[in-house]
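Everything below concerns the one structure shown next.
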Amino acid sequence: MKKVFIVLMLGLLLFFPLKASDVYEFLSTTTTGAKQFIEKNPDCDGRGVVVFIIDTGVDVSVPGLRKTSTGEVKVIDVQDFTGEGDVTLSKAEKIEKNGKVYWTLKDSDIFLTNLDKLNGVTKDTEFYIGVLKESQFKNSEVKDPNNNGKFDDEWPVVVFNKKNKDGKDLWVYYVDTNMNGDMADEREMTNYNVRYDYFYLSGRKNPDKKGDILPIEANIFPKEKKIVFHFDAGAHGTHCAGISTGYMIHGQKGFNGIAPGAKVISLKIGRSNFAGGATTVESMKKAYDYMIKWHKEHPETPVVFSMSYGIDSTYAGRADIEKYLDKMFKENFNIAGSTSNGNSGPGINTTGMPASSEMIFACGALLPKTSADADYASKISVNKMFIFSSRGGIVPKPDAAAPGCAASTVPHWMKGDVMRGTSMASPQAAGVMALILSKAKKVYGKDLKYTQGEVKRALMNSAIPLKGYTMLDQGRGLINVEKAWNVLNSLLKKKSVLNYYKIRTESPYYPDGKGYTVYLRSGYIPEKPEGFTFTVAPIFKPEVTDNEKMNFFEAYNLVSTAKWLELTRTSAYIKGKTPAKIPVYFNKKYMRKPGLYTGRVIAYYKGMKKINQNIAFDLWVTIVVPDFADKKGVIEIPQTALTPSHYKRVFFYVPEGTDEFTFVFTVPAGNYGKLYLELFNPEGHNIGMVRIKPSKDTVTVKKLTISYPDVMPGVWEVVPFSHFQQKAGVKFSGKIYLQTVKVVSPVKFNFKAGEKPEIKFNSYLESINREKVNVKAKIKGYFKSETAELKNGNYSTDFTIGNGVKGARFVMSLSKEDFNHFTDIAVCVYDSNGKAVIQTGFNYQQLTVDAFDLPEGKYTLKVMGALFKKGIKGIKLHVDKMLYLNNPVVFSTEKANLYPFVEKEFTLKANSIPPVCPEGYRLFGDVVFKSSDLIIGVKRFFQ
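Each residue of the sequence shown is one higher than the last, beginning at 1 in full-length UniProt numbering.
What follows is the structure in structure tokens.
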């Protein structure tokens, strides 16, 4: 496959000769063939297409986003749905003071002059005043938008209605950018999409801080009595816009995004003062509602969107946002879109939401060898999948892959311009969509009618697989523009009533028992006559009649890609609404070794060649055969050598009742690179990463213990890897020690006020050997558990550091059903001045927040959940609060021999009297069993 890929790329390069000096591989436009496509089709560079960037906002002023390739304004509309830029308007009062006329607000220190001299003002004009406050930028990357060294500036805003040249109403606004109170020296502006107005805030007093750093646009909403300011204080959206559509980035000729002729509309959904630019209540829904409304007002303009947002899934494909997207794509022509597949890899089953939507195009992140050189000064011989790119499992994702790194457009306030992530891959895919739709618009004109399903299939069927990666890593492979256009063109010519396919099969991971793939991770492999049956039903285009549905017919030839994946039929068909039924079976003789087994059943259109371009659909099967511990509770990982950018998957089973387990990884002495380890729980959630720096002279040993609240039973995955930027590879071996000591619950905690407490418990060993153990215990602090209802997604709790408390830990969780109602859940810890000292968020249904190493004082933890749709009631958040003592209460240590399955009673006495608990709290601690300096058992106890 590697040779085929090289031949294909050389063919493209020979047909469309490129000079190395003309190619900006900082943002690769050659990897997908975009540059080559434009050279062949210069008037199909995205022109005629509008790309919606649904993100943190877009900086309209930076070189690269000012104009299209035809000289038109690039960004034609901006909207903010987050509330970050909202300013309330109130009717102004006219007063006279010391012989001078002012306009002010009741109980306000705002006094503005010369409003009557503004353009278009009459004696009947009513003025509305609001205030844009610098506090709105607090905790963002741009805390001082006017660069004067202060953080409490305020800029009055005046809004009024006037008649334009045509005699029509026009709402306009003025901002007192220099804060002198005189509006006569300010500029009239109106809604951005009317004449593309934007401004900068001034008021500088620090001569060392110069330059306009943050352009701001606005939209006036008279009925709501507010003006909404749009800006990008997060940079993410601006960067994505440049990748997708940039033209002359940094002012350099030839430094373009994928579709430089396309126009952009910025729909801001993420707040810059939340971690990761998290979304807010309904911001994502409102953005899509706006896009659909715009599309209906401009039905002949092809619409493409890119949204590089998402969090981990619980019931993948069933989140509120995913249901919305699937419905939108089923009901609308001429809207196509991509999203990032997630950055939670390389563990399997890490695709998040909304990437798990059945109809969205979810893009994985590829590292082109040219960009590795240009952006990272790293030499790789072939294109690679980025290690962080989320992988599929329960859902058949990613759909395909595109370059996931770039130097691109960024706001003036940001220093660096290189970013990487599936966030960068999604706008690449959206740019490819814009190119092929630009060509389609030229070919089909006003008759162009496409669906998301057709565009998605075009990109997937264009993809070239990367050698050495499974479908879970790359989907169909690297997308290619020319091939995608050929597939789309054939689908449009066909004029089929089909939009996409609905694929279902039995799955134990969903409440209704129906899923999208066969995904078995428990070690269970059914044997004939047991198996799984896929059903494949048509998803029809909008406006298809019942007769057209009844007469629909497609037939397919079926091919299995793995010898262990067996079929009982080699062909199938769909007639009308009746789905095709395709049974699959597994041959265990080919699956005896522990590891990952992936295979597909590919359905090719009957009567056509069995090549990627002729794939109708494919059915995914993933089976994990895990390692099990030996009788001593140990799993061995033999010595393995990894070259840079390579990794190894290790799956192992953790039994029910395990409270902790420990990794021990060993790197021999030598000139090796760092060893990186990523750990994933049985649901595919990333628990964390460890780096091991080896020594040239001595063996390096690293221990990692997993305990509360992360431990859960099932098949875990650990992925050791060598980073692509390293010059040297790495060798390692490892052992996983499962807990072998079991404590008979509950631990009895005996404590009377004024006395030293004691604990009693029985323990036994679950291995074949006798163990000499040291048993220690500590009272670590105060514990409180509560379940609170999230009101419109919000929750807060106060805590204090000091008075013997050194820090706090909060373990928060939601049910899977409740988590699926959100698009983000931001979490911040604020000090008494409102400064965010911790900014984080839920990536899946459980989050641990550690508040340590903070100055003494009062703090507030706030949870700000972004419900996809507001008004959902009954959402419960469970919170375990732990306050940790500066001086834990230590118990006496006991040494003993433990024997297999023979209970032994322990009584441990505290060495001191614990402090009095705060109201509502109780004491908590841990009992720890150690053998030869290795933890072999842990049990938490409570007062």
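We treat Cβ as the ideally placed atom computed from N, Cα and C, and that holds for glycine. Quick caveat: nothing in here was measured; it's all calculated off a predicted structure.
Open item on the list: Suppose you measure from the CA of Ser21 to the CA of Phe255; what does that come to, to the nearest Å?
Closed with: At Ser21 the pLDDT is 47, less than 50, meaning the model places this residue with poor confidence; the figure from the coordinates comes in the next sentence. Those two C-alpha atoms are separated by around 11 Å.
Open item on the list: At the level of alpha carbons, what is the spacing between Thr865 and Thr314?
Closed with: Checking the displayed sequence, the identity of residue 865 turns out to be Gly instead of Thr. In this structure, the alpha-carbon of Gly865 lies about 16 Å from that of Thr314.
- [ ] Check the DSSP bridge columns for Pro796 and list the partner residues they point to.
- [x] For the sequence presented, residue 796 should be read as Ser rather than Pro. Residue pairing from DSSP places Ser796 in a beta bridge opposite Lys862.
TODO: Below 8 Å on the Cβ atoms is my guess for Val382 versus Ala233; work out the distance and round it to an integer in Å.
DONE: Their Cβ separation, rounded to whole angstroms, is 38 Å, which puts Val382 and Ala233 out of contact at 8 Å.
Open item on the list: Considering Cα atoms alone, identify which of Tyr795, Val410, Met419 and Tyr501 is closest to Lys330.
Closed with: Nearest in C-alpha terms to Lys330, of all of Tyr795, Val410, Met419 and Tyr501, is Tyr501.
TODO: Could you check if Gln252 is buried or exposed, using at least 16 other CB atoms within 10 Å of its CB as the buried criterion?
DONE: Counting the other Cβ atoms within 10 Å of the Cβ of Gln252 gives fewer than 16, which makes it exposed.
Open item on the list: Considering only the alpha carbon of each residue, which of Ile394, Val395, Pro396 and Ala406 lies closest to Phe386?
Closed with: The residue from Ile394, Val395, Pro396 and Ala406 with its alpha-carbon nearest to that of Phe386 is Ala406.
Task: Ile692 versus Ser722, Glu25 and Asn686, residue with shortest Cα-Cα distance - done: Considering only Ser722, Glu25 and Asn686, the residue with the shortest C-alpha distance to Ile692 is Ser722.
- [ ] Pick helix, strand or coil for Ile6, following the three-state DSSP scheme.
- [x] With a pLDDT of 22 at Ile6, under the threshold of 50, the modelled position of that residue is not reliable, and the figure given next carries that caveat. Looking at Ile6 - three-state DSSP - the assignment turns out to be helix.
Task: Sheet register partners of Gly841 (DSSP bridge) - done: Note: Gly841 sits in a beta bridge opposite Ala826.
Open item on the list: By the three-class DSSP mapping on this structure, what secondary structure does Tyr192 have?
Closed with: Helix at Tyr192.
TODO: Could you check the C-alpha separation between His230 and Pro638 for me, to the nearest Å?
DONE: As the crow flies, the alpha-carbon of His230 is around 55 Å from that of Pro638.
- [ ] Kindly confirm or deny that the stretch 87-98 and the stretch 300-308 touch, where touching means at least three C-beta pairs closer than 8 Å.
- [x] These segments do not touch.
- [ ] Name the two residues that bound the continuous beta strand (DSSP E) containing Asp417.
- [x] Segment: none, Asp417 is in no beta strand (DSSP E) and carries neither H nor E.
Open item on the list: Taking 6 Å as the limit between beta carbons, can you name the residues of its chain near Val664, skipping five residues before and five after?
Closed with: Cβ within range, chain order: Lys703 and Lys735.
Task: Environment of Lys285 [buried if 16+ CB atoms lie within 10 Å] - done: Counting Cβ neighbours within 10 Å, Lys285 comes out buried, since at least 16 surround it.
TODO: Please check the pair Gly337 and Met307, which I expect to be a contact at CB under 8 Å, by giving their CB distance rounded to whole angstroms.
DONE: Here Gly337 really is in contact with Met307; their C-beta atoms are around 7 Å apart, less than 8 Å.
Task: Nearest-angstrom Cα separation, counted from Pro145 out to Leu478 - done: Cα atoms of Leu478 and Pro145: separation of roughly 40 Å, rounded to the nearest angstrom.
TODO: Measure the alpha-carbon distance for Ser490 versus Gly46 and round it to whole angstroms.
DONE: Linking Ser490 to Gly46 through their CA atoms gives a straight-line distance of about 20 Å.
Open item on the list: Between the alpha carbons of Val827 and Glu817, how many angstroms are there, rounded?
Closed with: Their Cα atoms are separated by approximately 20 Å.
- [ ] Report yes or no: do the stretch 393-410 and the stretch 352-368 share at least 3 C-beta pairs separated by less than 8 Å?
- [x] The stretch 393-410 vs the stretch 352-368: in contact.
Task: Through-space distance from Gly317 to Tyr309, alpha-carbon basis - done: For Tyr309 and Gly317, the distance between alpha carbons rounds to 15 Å.
TODO: Please name the residue, chosen from Ser61, Val719 and Gly99, that lies closest to His239 on a Cα-to-Cα basis.
DONE: Residue Ser61 is the option with its Cα nearest to His239.
TODO: Check whether the Cβ atoms of Asp77 and Asn193 sit closer than 9 Å, and answer yes or no.
DONE: For Asp77 and Asn193, yes; Cβs fall inside 9 Å.
Open item on the list: Taking the alpha carbon of Tyr573 as the reference point, which residue from Lys163, Phe651, Ile779 and Ala603 has its own alpha carbon closest?
Closed with: The residue among Lys163, Phe651, Ile779 and Ala603 with its C-alpha nearest the C-alpha of Tyr573 is Ala603.
TODO: Please report the Cβ distance between Pro379 and Lys74, rounded to the nearest whole angstrom; I am assuming they are in contact, meaning their Cβ atoms lie under 8 Å.
DONE: Inspection of the sequence shows that residue 379 is occupied by Lys rather than by Pro. That belief does not hold up - the Cβ atoms of Lys379 and Lys74 are roughly 35 Å apart, past 8 Å.
Open item on the list: By alpha-carbon positions, which one of Ala616, Ser733, Lys610 and Gln725 ends up nearest to Ala669?
Closed with: Minimum Cα distance to Ala669 is reached at Ser733.
Task: Per DSSP, the bridge partner or partners of Leu738 - done: For Leu738, the beta-bridge partners assigned by DSSP are Phe661.
Task: Host alpha helix (DSSP H) of Phe819 (start-end) - done: For Phe819, the enclosing alpha helix (DSSP H) covers residues Lys816 to Phe819.
Task: Coil, strand or helix - Ser21 by DSSP - done: Any reading at Ser21 must be qualified, since the residue scores a pLDDT of 47, below 50, and its modelled position is unreliable; the value itself is stated next. Helix at Ser21.
TODO: Identify whether Ser423 lies in helix, strand or coil by the three-state DSSP scheme.
DONE: Helix.
Task: Alpha-carbon spacing of Asn833 relative to Val916, whole angstroms - done: Approximately 29 Å, taken between the alpha carbons.
Task: 9 Å Cβ cutoff met for Val57 and Asp80 - done: The amino acid occupying residue 57 in the given sequence is Gly; Val does not appear at that position. Cβ atoms of Gly57 and Asp80: closer than 9 Å.
Task: Given Arg504 as reference, the closest of Lys862, Leu267, Pro529 and Thr535 once Cα atoms are compared - done: Among Lys862, Leu267, Pro529 and Thr535, the Cα nearest to that of Arg504 is on Thr535.
Open item on the list: If you reduce the DSSP assignment to three classes, tell me which class Asp320 lands in.
Closed with: In the structure shown, Asp320 sits in a helix (DSSP, three-state: H, G or I).
Task: Whole runs of the alpha helix (DSSP H) within the stretch 221-300, excluding any shorter than 4 residues - done: The qualifying runs are 236-245 and 283-297.
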